[in-house]
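Colleague:
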Amino acid sequence: MTDLLAALAALLDQVDPMPRDLALRATQALRARHDEHAATLWHDSTRHGARTLRFAGLDLHLDPTRGGFALTGLVTTGTHAVLHHPGRTRTVPVVDGWFHVDPVPRGPVKAVVDDVATPWFIA
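With positions in the sequence shown counted from 1, the corresponding number in my numbering is that position plus 356.
See the structure below:
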């Protein structure tokens with residue numbers, strides 16, 4: 357039986373090989389997940405289409421725009437903010453505690469400032 361499974365595994369590797377960078381991407385994702393501290397959500401409100409999310413040490417405000425949202429953030433510490441959404445990561449500077457990202461597409465979003473990360477949320 358193990359010979360049959362080994363032959364099947366070899367065939368699958370030939371027909372549909374694992375992407376070369378898959379192991380690297382998985383390692384980076386795990387490292388990022390362990391290097392970040394999850395921010396605790398304190399408040400989530402929506403008013404007139406705009407959304408405000410308050411986390412420990414991080415406030416986010418999303419204003420609807422034609423292509424998605426404009427995000428403005430206020431942080432207590434940090435030099436740069438990284439916004440993650442499927443297929444794209446954007447890094448912006450934090451100036452006097454504020455940062456701005458525009459446009460932010462509709463869908464899953466995660467914000468990271470230094471080593472503090474929000475959970476994924478839907479913009």
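Virtual Cβ for every residue (Gly too), placed ideally from N, Cα, C.
Given the structure is predicted, the values throughout are model-derived calculations rather than measurements.
To which residues does DSSP link Asp415 through a beta bridge?
Modeller: Asp415 pairs with Arg410, Leu430.
Colleague: Whose CA, out of Phe455, Leu378, Ile478, lies closest to the CA of His441?
Modeller: When only C-alpha atoms are compared, the closest one is Ile478.
Colleague: Among Gly424, Leu397, Gly463, Ala363, which residue has its Cα nearest to the Cα of Ala483?
Modeller: Past the boundaries of the shown model lies residue 483; the chain is included only from 357 to 479, so the question cannot be answered.
Colleague: Using a threshold of 7 Å, state whether the C-beta atoms of Thr447 and Val438 are closer than that.
Modeller: Yes. Within cutoff.
Colleague: Taking the beta carbon of Val468 as the centre, do at least 16 other beta carbons fall within 10 Å, making it buried, or is it exposed?
Modeller: Buried, because 16 or more other Cβ atoms sit within 10 Å of the Cβ of Val468.
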